[in-house]
Each structure stands twice: as C-alpha cells, then as structure tokens.
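To start, the structure itself, in structure tokens.
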Amino acid sequence: MITQALEDNLPKAPLEIMIIEEALSYSLFAGGKRVRPLLLVLCGELCGAKKEQLLSSACAVEFIHTYSLIHDDLPVIDNDDLRRGKPTSHKVFGDAIAVLAGDAFLTHAFGLLTMYKNDLTNKLLALLIEGAGINGMLGGQVADIIAEKEKPTRDKLDFIHERKTGALIKTAVLMGGAVAGANDVIMKHLEVYSMKTGLAFQVIDDILDEIGDEKKLGKKVGKDKGKNKCTYPAVYGIDKSKEIASELTESASAELKIIRDLVLKTHLGKTDIINNAYEDLTILTNFILQRIY
Ligand code: IPE
Ligand code: IPE
Ligand code: MG
Ligand code: MG
Ligand code: MG
C-alpha cells in the first residue's frame with residue numbers, strides 16, 4: 003500500500019530531464035524499511051484516521067527521509083558508496099544529480115500536503131518544517147558534522163540524535179495524530195512515544211554500524227568510528243547502548259498502550275482498526291530494537 007502510494011506520487015519529469023526521475027526512482031525503490039511512513043499510517047489509524055487520508059503524509063515523510071539519505075551519503079557529508087544494498091545515488095548519477103534529486107524530494111514532499119483541507123495542511127506543514135528543518139533533522143545533521151572534529155560527549159550525543167533521526171520520526175507520528183484529529187492529551191503521549199522510539203532507532207543504527215553485517219544492512223559498516231562520529235557506542239560502549247535501547251523500547255511500548263486505551267474510550271465504532279494498529283505498532287516498535295538491517 004505504501005509502495006503503491008509512493009509510486010503514484012513520484013514526481014514526473016519531462017523527457018529532456020528524465021535523468022532526475024530515474025534518480026528519484028532509483029533511491030526511493032531501492033528497498034528502504036519504510037519505518038517512518040509505517041509509523042505515520044499506524045499512529046494515524048491508532049487515533050481513528052482512515053488509511054487513505056494518511057498516505058499523502060506518509061509519502062511526504064518518506065520523500066524527506068530519502069532526500070536526507072541521498073545528501074547524507076555525499077562525499078562532502080558521510081562519503082558512503084552503499085545504500086539500501088545498492089551504490090549510492092552520487093555513485094550512479096554523479097554528485098550534481100544526486101544533490102538535485104535530494105532537492106526534488108524535499109520540494110515535492112511539501113507539495114503533497116496541499117491535498118488536505120486548509121487547516122490540516124497548515125498543521126501538517128508546520129510539523130514537517132519543524133521536523134525536517136534547522137530545529138529538526140537538518141540541525142542534527144549540522145551538529146553531527148561539527149561533532150566529527152570534537153570529543154564525543156553525552157550532551158552532544160543527545161542533541162544530535164534527538165534531531166538528526168528523532169525529529170523526523172516524531173514528525174511522522176505526530177502527523178498521523180494530526181490527520182486523525184487527535185486531542186492534545188493524545189498528541190502529548192504520541193510525542194513521548196515517538197521520542198523514545200526515535201532515539202532507540204538511532205542507538206540501534208549506531209550499534210549496527212559497529213557490529214552489523216554489511217550484506218544484511220545494505221550499507222557499509224565501521225564508518226562512524228572512521229569518521230570520529232558522536233555515537234552511542236562511542237560514548238557508552240556497545241553493551242550499555244543495547245541496554246538503553248531496550249529500556250527506551252519498553253517505555254515506548256507502555257506509552258502505546260496508554261494511547262490505545264485513551265482512543266478506545268472515544269472511538270467506539272472503530273475498535274478493530276484501532277486494536278490492529280496497536281498490535282502492528284507494538285511489532286514495529288520491537289522490530290526497531292531487534293532489527294539487523
Ligand atoms: C537510516 O534510516 C538513516 C537514519 C536516520 C539512521 P533507515 O534505517 O530508516 O533507512 P532505510 O529507509 O530503511 O533505508
Ligand atoms: C543519518 O544518520 C541521519 C540522516 C540521514 C538525517 P547516519 O549518517 O548515521 O545514517 P546512516 O548510518 O548513514 O544510514
Ligand atoms: Mg550521517
Ligand atoms: Mg551516514
Ligand atoms: Mg548511521
């Protein structure tokens with residue numbers, strides 16, 4: 003369902019510049035886990051929204067994520083040549099087209115949000131700008147680069163991880179809630195859930211960079227140490243990092259249960275959809291902890 007929506011929403015290019023459409027399609031369909039759009043759709047359903055209403059937002063978030071990966075892999079940032087099990091965009095299309103492909107995803111992501119009613123479009127835009135911009139993912143990427151030249155510390159680590167990965171995951175979850183029209187209390191619980199899940203996600207990403215299997219992961223390992231990145235294993239060691247990720251996942255799961263119980267009190271007619279979304283989210287939250295790719 004998400005793959006179909008991504009295909010339907012992929013920007014079309016005129017013949018003369020078909021290369022950009024090829025570059026977009028290459029990165030988008032290289033086999034990502036789709037964690038962010040899944041979180042958005044499932045959190046939206048958990049709060050009572052219909053799947054069809056959630057798909058444009060889900061695509062917008064996956065577009066932003068894919069742009070961030072293309073740019074993150076560029077020689078001037080992390081200089082990676084493998085992503086989603088394939089050569090990175092700049093390896094195939096060259097640096098210039100890779101930069102522009104990222105820009106295209108970024109631009110079109112915001113366009114997808116214009117399909118909602120005015121008030122909702124404005125809310126979703128505000129969330130996406132917050133999650134993707136200087137206060138969110140982009141800010142985290144800046145801090146990540148600055149930190150390469152400094153000693154890793156806990157404070158820096160939290161600043162980076164909350165933003166470079168946590169912010170877009172938080173935005174995905176909150177956009178799901180916003181489409182569903184969730185009330186402030188539920189939005190607050192969604193925020194807590196998303197922050198714990200987002201941090202767990204990046205802690206595991208850091209661990210996999212050290213002890214993961216390149217073939218399964220679809221990206222090179224051992225890169226963070228080589229670049230003196232500020233990571234959980236660098237600051238806490240592998241065992242403590244695993245412990246932290248487990249604790250985060252446990253409290254994220256507890257938060258999900260609170261949200262489900264709150265929603266069930268008000269959406270009596272949608273019990274099945276809500277319970278199914280809750281179960282799938284529990285599985286997804288645990289997958290984020292236990293994943294090997
Ligand atoms: C990788 O994200 C980059 C981070 C923010 C850690 P994912 O692990 O979600 O990458 P894909 O989308 O599955 O390829
Ligand atoms: C990337 O973090 C975060 C964003 C792309 C915003 P990483 O640099 O750790 O991601 P990987 O390990 O290359 O996927
Ligand atoms: Mg990076
Ligand atoms: Mg990287
Ligand atoms: Mg990483």
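Heads up, the sequence shown is in my numbering, so the first residue is 3 and it goes up one at a time.
Note that CB positions come from ideal geometry on N, CA and C, so glycine has one too.
What residue from the options has the CA that sits closest to residue i's CA?
i: residue 150; options: 206, 242, 79; result: 79
i: residue 103; options: 23, 42, 143, 59; result: 23
i: residue 287; options: 248, 81, 277; result: 248
i: residue 218; options: 88, 61, 295; result: 295
i: residue 152; options: 19, 244, 227; result: 227
i: residue 168; options: 199, 241, 159, 178; result: 199
i: residue 292; options: 281, 276, 250, 196; result: 250
i: residue 278; options: 11, 97, 10, 50; result: 50
i: residue 201; options: 185, 88, 166; result: 166
i: residue 39; options: 27, 116, 26, 54; result: 54
i: residue 285; options: 15, 37, 25, 192; result: 37
i: residue 61; options: 114, 75, 21; result: 114
i: residue 160; options: 246, 129, 135; result: 246
i: residue 11; options: 95, 26, 122, 20; result: 26
i: residue 164; options: 122, 129, 205, 181; result: 205
Using DSSP's beta-bridge definition, name the partner residues of residue i.
i: residue 89; result: 84
Return the CA-CA distance between residue i and residue j, expressed in angstroms with no decimal places.
i: residue 221; j: residue 85; result: 5 Å
i: residue 70; j: residue 6; result: 21 Å
i: residue 72; j: residue 267; result: 43 Å
i: residue 59; j: residue 140; result: 19 Å
i: residue 154; j: residue 231; result: 8 Å
i: residue 190; j: residue 83; result: 39 Å
i: residue 3; j: residue 118; result: 19 Å
i: residue 35; j: residue 138; result: 21 Å
i: residue 195; j: residue 258; result: 7 Å
i: residue 241; j: residue 13; result: 44 Å
i: residue 87; j: residue 282; result: 26 Å
i: residue 188; j: residue 157; result: 29 Å
i: residue 98; j: residue 264; result: 49 Å
i: residue 92; j: residue 105; result: 13 Å
i: residue 203; j: residue 289; result: 10 Å
i: residue 192; j: residue 17; result: 43 Å
i: residue 223; j: residue 280; result: 33 Å
Just checking, does the stretch 234–249 make contact with the stretch 261–275 on the three C-beta pairs under 8 Å criterion?
-> No, the stretch 234–249 does not touch the stretch 261–275.
Does the count of Cβ pairs from the stretch 211–219 and the stretch 250–259 closer than 8 Å reach three?
-> no
Report yes or no: do three or more beta-carbon pairs, one from the stretch 166–179 and one from the stretch 24–32, lie closer than 8 Å?
-> no
Counting Cβ pairs, one atom from each stretch, are 3 or more of them under 8 Å apart for the stretch 108–120 and the stretch 54–69?
-> yes
Using 8 Å as the threshold, is the stretch 34–54 in touch with the stretch 134–145, meaning 3 or more CB pairs across them?
-> no
Quiz: which residues have CB nearer than 5 Å to ligand 3 non-hydrogen atoms | Applying a distance threshold of 5 Å between residue Cβ atoms and the heavy atoms of ligand 3 selects 74, 80, given in chain order.
Ligand 5: which residues have Cβ under 7 Å from any of its heavy atoms, chain order?
-> 207, 208, 211, 226
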